[in-house]
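So the protein sequences, as listed, match chains W and R.
Following the numbering used here, the numbering of the first sequence begins with 1 at its first residue and continues without gaps.
Following the numbering used here, the numbering of the second sequence begins with 466 at its first residue and continues without gaps.
Where a beta carbon is used, it is the ideal one built from N, C-alpha and C, also for glycine.
Have a look at the structure below before the remarks.
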Amino acid sequence: MEFMKKKHLLKLYQELKQQGISPEMDFRMRLELDHEGDHDVEEPARGVGGPFMPPQDDRFYDFDDLAVLQGLHRIQPPYVTSLSSIDELLERDRQRETDGFPRKIRVGRLVKPGKGKKDKVVVVPTTVEEKLIHDRLPESTEEEQTAGGSGEGEEGEVIGEQPVRVPGQEGAGEAGEGGVGKHEIESSAYDLGKILTEKFELPNLKDKGKKRSFTRYTYEMTDRNRGFGQILDKKATLKRILETNINLGNIPDLYRIDSTHFLISPSDLVYRVLSPERDYQSQAMVFFIRDYSGSMSGKCTELVVTQHVLIYSWLLYQYSQQVESRFILHDTDAQEVPDFYTYYNSKVAGGTKVVSGYRLVNEIVEKDRLDMDYNIYIFHGTDGDDWDTYGKETVPELKKMLAYANRIGITIAEHSYLGESRTEVEKYLIRSGLLEEKPNLLRLDIIREDADEPRLIDGIKRLIS
Amino acid sequence: MEGCKERARDGGLSFQDETLEYIVTNRDLLELSPKFMIPTLYDYWVHDVEILKEKGRYELYPGNPYETVINTRPPISFYNDNNPDWLNVMIFYHVLGHIDFFQNNLFYRHTWDYDFAGEALSNKRLIAQYRSEKGRWVDYVIEFARGMDNLVGYFDELTRLTEIPGTRGTGRMDYYFDIFLQEVKGVNITEYIKEVDRYNDCIRRYKELGEQSFFADVIKQYPEFESMYAKTLKAGPGRKLDPMQFVMEYSEFLNKDANKWMKSVMQVVRNTSLFFQPQIRTKIMNEGWASYWHEILFMKDDRIKGHEVDFARVNSGVTSLPRVGLNPYALGMRLFYYIEEMADRGKYSYEFQKIQSARDRKDFDAETRGGKDFIFHVRENFSDFMLINTFVDQDFVTRNDLFTASRRLNRQKMVWEYVVQSRKADDYRQMLMDSLYHPPRITVDPEKTTNHTLYLVHRFEEKPLVKDFIQNTLMGIEYLWGGPVQLETSDAVVTRTYPGHPLYGAATAAAAEEATAKVTWQRVVYYMENRKLGKKNI
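Structural data, given as structure tokens:
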């Protein structure tokens, strides 16, 4: 399958090449095509057990008596147990800004304290104490990292292997987490959304037009009442009468029932009465679209997903959890994935066609007639690469989306190697004039690869205010 | 437990009589962990927040002494509430090893004269009191002070304490008697002679520490003495001040009456940092020493009976050399055994060193004995760096089958491969040294510190500073200093040369990874003024 895909990509590349592309474009396309690595969100190394234990960045100072001798591990109180202190913390953080110092609390970090296969995605406030400390040399890569070792083996001999992807993790592009335990992102995401809204002064959602209630009452004849009511429920009444008469012994022979001798008690009459029914309704539908092509390696992916986590949390809070979300990943083709976790963790290496993602959204909206019932938000994260250089296909699809969406927010995480030059997506968005034409519907946020969290939150403000 | 102490003393360990042992539950740990197991440590909000741990954890938290025993008077040790008895005995021997180390290794010299738990408690109260008066500003000061608490002049402090009497430049004494008393204070002759007598008396009574105690009283009488002395020192060569001290001493902002409390807070932070410094610099020695002794002492203890297998399991878990990775218990313990044996056979001698033949080296035995005394000497005088630098030699590396390992990515199989890189002692030693705690050496340049601008110099060691942290750290220093701050350091400039397309460099990602990177160094000055950071090349 991989092979087929590659072949398809190459064909596409050849076609585009024949149409004529700039050498710069060519270079970037080939970079994507030849990309063999993955661009998973970096995970802390973890033990995989088994006969070979790789170093988990073990240094001398990782060891301590309590853990080594007594199996007592350092415990950090989970922040949820002290949510009031979190509020205090954030209050203090806001105070810092008034006092003229930069904020120090960061949120939205995803850590996985779970052991073995029990992954837990938790959002925690974190901080770091800055000091002047030594950094690694910029050129030293993982491959040069040396550690100590002992035992047999000639110099140059491979003594062990560790899979790059820890078994039990999501594989490349595989969808579905299925029954392997629910990830606890929802609950903490709600808290995070609250924090974002209240403390980081993210704007509240503006309702356009008529305000819709989260709950709708429909009046239906669903409730039953005995003795009196609006409509007689004949079947239910007959059942009751039968029951009563069986108990009274009025039916001696089941095969010859004489209904004329039946006694009918008033309480046997079952009526239906009119009653209000609550109809829960999700108000917002959010589409998250993420470019997961080859070029989205490392930092770009992290930035985009982090921002999407934050947006997701914020919306979850804004709509009191009445938010439905759909997650779409695209390279040259788009696919929908079932949950945030898969969305967050999937990786692939292929080319980029933004249009595929947009097209899929349009299809879903059209098919499910979502535009009738929902506020639709669409957030797209990309590194700005697109094989559709001039947006010939993308812009029309985008226009289609603008017709029904409440807000489209596009985040471009620029690679640092680009320097000052603009990305394809940025170029054709500007050229299309849609940004000026519909500033309320379409927003663009361009971040550098080295952006930090406050920058991301700023970006969210830009996307949704 | 008292029996254990006796046995340990018979083995040669020395430590004070009183010790405190606490049984702890997980619940207790919840409260103790953020405070580095010292229940009386001052409160600080960062302790309650999940700290980002990935980057530079040890450099940022040089304390990190999350240990089973803490270096207080009396020493306090912690035991899991569901340990079996025999394990507690073993751990207690381990603890005694640590206590002996704390109380005899010279790198802990500055912690010997007071009880840290007690001092921490009074500091905690002090800070709590300030917090009730000054509110959040106390936390800012703590934060900014902690921003530079890894730059404390730990070795200067040690030098001051361990100087051999007589060799010390008695500048302070000269200044006190020749200038301060006569010119500044203009005291009369009787008083002057009284002071001379008092000085002589102190020297007689306290020997080496005489001068120190003498001046402790001087400061009580003339609180301004230190700062005046320091001012004269600034003019000429003399006592070196670390950046924290320098700021405390000369910051106009801090020395305003309204801000003097900040100095006490800074002092608390600085002292706490100084207290933790030796721990991280003697990790291998300390754990090695404690493991060496728990093994020797517990195996002789009759309480091991019936638990030999349990002990073997636990002990091997603690002290086995990992296939890949570094374990301070394993390495330190083996080094002590090795050193003891080498010294027993008189191998630390010129006679042995000049032998070339491997067999002769192996069989060499001058029967000098005295290996035990030798390791006690090492325990007293060495730190991790010195230990590794002196004793990790080829014989040690070969005997323990040690090597340096590297990992590389195998793209075909998508696995990390671990490779034996080198079995040379030099490489192994270098690898060990590279993994030791090593904060940057940053000092104040008094010459360039002019016009209210504090000028810090980072000594070049082919390592850049973490750029992300510079801004906020300097901002904190600027606040405490009350004026602009400059930091001279070196930035690494990486130039990559790609074997490929001349215009776009590498044509493929694969080639891009083969690109060779060359690092050149650019001396730069970061300057912080009005909370804005700038940078210029010099």
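Among the CB atoms of chain W, none fall inside 8 Å of the CB of R/M764. Counted as a single uninterrupted DSSP element, the beta strand (DSSP E) harbouring W/A413 occupies residues R407 to E414.
Residue-level contact by beta carbon fails for W/I378 and chain R, as no gap is shorter than 8 Å. Annotation: R/I1003 is outside any beta strand (DSSP E) and is labelled neither H nor E by DSSP. Per DSSP, the unbroken alpha helix (DSSP H) holding R/R625 starts and ends at Y619 to T627. For W/Q14, no chain R residue has a Cβ inside 7 Å of its Cβ, as the nearest lies near 16 Å away. By the neighbour-count criterion, in which 16 or more other beta carbons inside 10 Å mark a residue as buried, R/M993 falls on the buried side. Judged by beta-carbon spacing, R/Y893 lies within the 8 Å limit of R/L867, meaning their Cβ atoms are closer than that value. Judged by DSSP secondary structure, R/S716 falls outside any alpha helix (DSSP H); it is assigned neither H nor E.
A residue is called buried once 16 or more other Cβ atoms fall within 10 Å of its Cβ, and W/F228, having fewer, is exposed. For R/K1001 and R/S848, the gap between their C-alpha atoms comes out near 38 Å. Of W/L232, W/L254 and W/V361, the smallest CA-CA separation from W/L269 is found for W/L232.
With distances taken between CA atoms, W/P338 lies nearest to W/S325 out of W/D331, W/A405 and W/S325.
The C-alpha of R/V857 lies about 49 Å from the C-alpha of R/P688.
For the stretch 292-319 of chain W, the beta-carbon criterion of a distance under 7 Å to any beta-carbon of chain R is satisfied by none of its residues.
Residue R/W577 holds the alpha-carbon nearest to the alpha-carbon of R/F741 among R/Q859, R/D809, R/L800 and R/W577. One Cα belongs to W/L434, the other to W/M401, and the distance between them is close to 12 Å. Within the same chain, Cβ atoms closer than 7 Å to the Cβ of R/M940 are found at M993 and R996, the five residues on either side in sequence being excluded. Across the structure, R/R746 and R/I564 are spaced so that their CA atoms are roughly 16 Å apart. Residue contact check for R/Y902 against chain W: a CB pair falls below 8 Å. Not a single C-beta of chain R is nearer than 8 Å to the C-beta of W/R422. Segment contact: the stretch 935-955 of chain R against the stretch 597-613 of chain R, three or more CB-CB distances shorter than 8 Å; contact assigned. Excluding five sequence positions before and after W/P454, the CB atoms of its chain that fall closer than 7 Å to its own CB belong to R103, given in chain order. Neighbourhood of W/P102 in chain R, by CB distance below 7 Å: N937, in chain order. Note: R/R873 is bridge-paired with R/E882 in the DSSP secondary-structure output. Take the alpha-carbon of W/I408 and the one of W/L12: they are about 28 Å apart. Between R/S887 and chain W, the shortest Cβ-Cβ separation is below 8 Å. Annotated three-state conformation of R/S498 is helix, per DSSP.
Counting C-beta atoms within 10 angstroms of its own C-beta, R/I556 has 16 or more neighbours from the protein chains shown and is therefore classed as buried.
Cβ neighbours of R/P504 within its own chain (closer than 8 Å, five residues either side excluded): E496, L497 and A582.
Going by DSSP, W/T423 is part of no beta strand (DSSP E) at all; its letter is neither H nor E. Rounded to whole angstroms, the Cβ separation of R/W726 and R/K589 is 15 Å, and the two are not in contact under 8 Å. By the Cβ-count criterion, R/W551 is buried, with 16 or more other Cβ atoms from all chains shown falling within 10 Å of its own Cβ.
For W/R290, the enclosing beta strand (DSSP E) stretches over residues A284 to D291. Chain W places no beta carbon closer than 8 Å to that of R/T484, leaving this residue out of the contacts. Of all residues in the stretch 608-621 of chain R, the ones placed with a Cβ closer than 8 Å to any Cβ belonging to chain W are E608, R611, G612, M613, D614, N615 and L616, in chain order.
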